[in-house]
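The sequence shown begins at 141 in the numbering used here and counts up by one.
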Amino acid sequence: KSNIGHLEAAAGIAGLIKVALALCEGELPPTLHAAPVNPEIPFAELGLAVQARLEPWPEAERKRIAAVSSFGFGGTIAHAALEEAPRAADQGGAADGAHQRSIRAASGQATKSSPLLISAREQTALRAQAQRWAAFLEANPHTRWVDVVRTAAERRSHLDWRASIAAHEIAEAVDALTALAQGRAHLSLTVGEASTRDGIVFVFPGQGGQWPEMGRAMSNECPAFAEAIAACDAALLPYTGWSVIDVLRGERRDDVPPLDRVDVVQPALFAMAIGLAAAWRDLGVTPTAVVGYSQGEIAAAVVAGVLSLENGARIVATRSRFVRHIAGRGAMAIVGLGLDALRTRLREAGAALSVAGVNTPTSTVISGDRDAIDAFVSRLTADGVFCRRIDVDYASHSGAVDGLLDDIAASLAGVSSDAGACQMVSTVTGEPVAPGQLDAMYWYRN
């Protein structure tokens, strides 16, 4: 009431919201318009006080608890007790929990950021809005990123011209928004006009985004995910000899191999992808089409019904086992250049490197000898071109895999594919996958 006056039937919920925010922020808000307090009320004797200024809510071993009372004019007497939600650190999340003030966790490692989504009716209006967002974030650098992205996604209309900013820190988000406002490209920025076509596409990434215990929380909280992982475990076990369930849960035993081995991380990521797709389907989200990059294409084929789970497990286990033969001698990196510009720079540098993938019109992947990659990355970085080494020690999608052809062809002989339940688009050919196309030679080319 001190904030917004008489609200009649809405008075109780306003108090509830205020207390919930106080619990979330860990701060005690002042009661407005209460000074001077009524001298007839013996506050000291009653052990009471009117909150006169904004103060931190002290932390204790026990969770914070608050109460809201609503005594209505019509006789309503309601009382609600609220308890602080479990802190993120107690759940295995980031140590700074609900009070995270940047997109980075307390450890300093980049978290998996949620994208900032903005839209407008016209492209010029989208650029103007991007400038306003950039100014807001610069002026309010301590704003919680989760509140920013949630408000933008859930409290604003989704209009025709849209942009997505996937940043790992506020400064990066401001840079991407400024680039949008100025009509420039940025690696963290995706811009386009909304499609009128219905349908959802599942996109399956390659290797490089893994982390220890990445499947533990989902296995505990999502039965559909856990069931899919169990099915993957049964399908992979004859080829790997170890449990993917134990790897994803981060179990530390002699019979659980480390996640940093390529023949472990690729089957683990395959299982994660299958599990996440099952979780989405359990929520009623079904793909109209799928696409996958590198090893992610194997999971995409399974989810589309083009490959059986058993064949998918056989392919990913075989692929990763042979890739281990070339591990330790190569490297890969993301480069913030389009394909033509990258090829020009490779010719200028005389670098014997391969173009491993084209991510976007302004982002490519290079692969090759480790020293050659390091030298080329250093050269581009010195020229102000964005480059980032990928966390692998082999040169996938390059001439380094030529010697694996016979082994892969022999091991995957007899692998076949079907029409599938939804369309799959190949990142090897750039075309929709035809029935029977995904044979042993296709997976070698992949």
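Even for Gly, the Cβ is constructed at its ideal location relative to N, Cα and C. Small disclaimer: the values here were computed from a predicted structure and weren't measured.
| Query | Result |
| --- | --- |
| Throw me the rounded Cβ distance for the Ala467 and Ile506 pair, which I believe falls under 8 Å. | Rounded, the Cβ-Cβ distance is 18 Å, inconsistent with contact. |
| On the DSSP bridge list, what partners appear for Ala260? | Trp301 |
| Per DSSP, what kind of secondary structure is Arg284 in: helix, strand or coil? | coil |
| Give the secondary structure of Glu333 by DSSP, where H, G and I count as helix, E and B as strand, and everything else as coil. | strand |
| Identify whether Pro572 lies in helix, strand or coil by the three-state DSSP scheme. | strand |
| Grab me the residues of Arg528's own chain with a C-beta within less than 7 Å of its C-beta, minus the 5 sequence neighbours each way, in chain order. | Ala473, Ile474 |
| How many Å lie between Gln269 and Ala321 at the Cα? | 8 Å |
| Of all the options Arg202, Val177, Leu156, which has the alpha carbon lying nearest to the alpha carbon of Ser210? | Leu156 |
| The alpha helix (DSSP H) that contains Leu423, what's its start and end? | Note, Leu423: premise wrong, no alpha helix (DSSP H); not H, not E. |
| Ends of the alpha helix (DSSP H) at Phe365? | 363–380 |
| Grab me the residues of Gly445's own chain with a C-beta within less than 6 Å of its C-beta, minus the 5 sequence neighbours each way, in chain order. | Gly560, Ala561 |
| Report the CB separation of Ala440 from Met564 in whole angstroms; it is logged as a contact under 8 Å. | 6 Å |
| Is the stretch 442–456 in contact with the stretch 485–504, if contact means three or more CB pairs nearer than 8 Å? | no |
| What's the C-alpha gap between Ser142 and Thr171? | 6 Å |
| So, with DSSP's three-state summary, where would you put Phe211? | strand |
| Which residues does DSSP list as the beta-bridge partners of Leu168? | Glu195 |
| Measure the alpha-carbon distance for Ile548 versus Arg267 and round it to whole angstroms. | 49 Å |
| Taking the beta carbon of Pro427 as the centre, do at least 16 other beta carbons fall within 10 Å, making it buried, or is it exposed? | buried |
| How many Å lie between Leu329 and Ala303 at the Cα? | 7 Å |
| Which whole-angstrom value describes the C-beta separation of Leu377 and Ala411, a residue pair presumed to lie in contact below a C-beta threshold of 8 Å? | At roughly 11 Å, the Cβ-Cβ gap does not stay under 8 Å, so Leu377 and Ala411 are not in contact. |
| What distance in whole Å lies between the Cβ atoms of Ala408 and Thr387, which are believed to be in contact at a cut-off of 8 Å? | This sequence places Val at residue 387; Thr is not what is there. At roughly 5 Å, the Cβ-Cβ gap stays under 8 Å, so Val387 and Ala408 are in contact. |
| Could you tell me if Ser494 is buried or exposed, where buried requires 16 or more neighbouring beta carbons within 10 angstroms of its beta carbon? | buried |
| Mapping the DSSP letters down to three states, classify Ile340 as helix, strand or coil. | coil |
| Assuming the contact rule is C-beta atoms closer than 8 Å, Gly128 and Ala492 should be a hit. Round their C-beta distance to whole Å, please. | The question about residue 128 has no answer here: the residues shown for the chain are numbered 141 through 586. |
| Could you tell me the distance, in whole angstroms, from the CA atom of Asp542 to the CA atom of Ala260? | 49 Å |
| Please work out which residues of its chain come closer than 8 Å, Cβ to Cβ, to His617, disregarding the five sequence neighbours upstream and downstream, and give them in chain order. | Outside the modelled stretch of the chain, which goes from 141 to 586, sits residue 617, for which no answer is possible. |
| Taking Gln435 as the reference, give the member of Val425, Arg356, Gly452 with the closest Cα. | Gly452 |
| Would you decide whether Ala471 is buried or exposed? Buried here means 16 or more other CB atoms lie within 10 Å of its CB. | buried |
| Output the distance between the C-alpha atoms of His239 and Tyr534, rounded to the nearest integer angstrom. | Its pLDDT being 35, under 50, His239 is placed unreliably by the model, and the measurement read from it follows with that caveat. Cα to Cα, His239 sits roughly 39 Å from Tyr534. |
| Which one or two residues does DSSP pair with Met564 in a beta bridge? | Val430 |
| Thinking C-alpha only, which one of Gly187, Val425, Ala279, Ser460 is nearest Ile438? | Ser460 |
| Glu223 lies in the beta strand (DSSP E); which residues open and close that run? | 217–223 |
| Identify whether Ala235 lies in helix, strand or coil by the three-state DSSP scheme. | Annotation note: pLDDT 35 at Ala235 (below 50); position unreliable, no value reported. |
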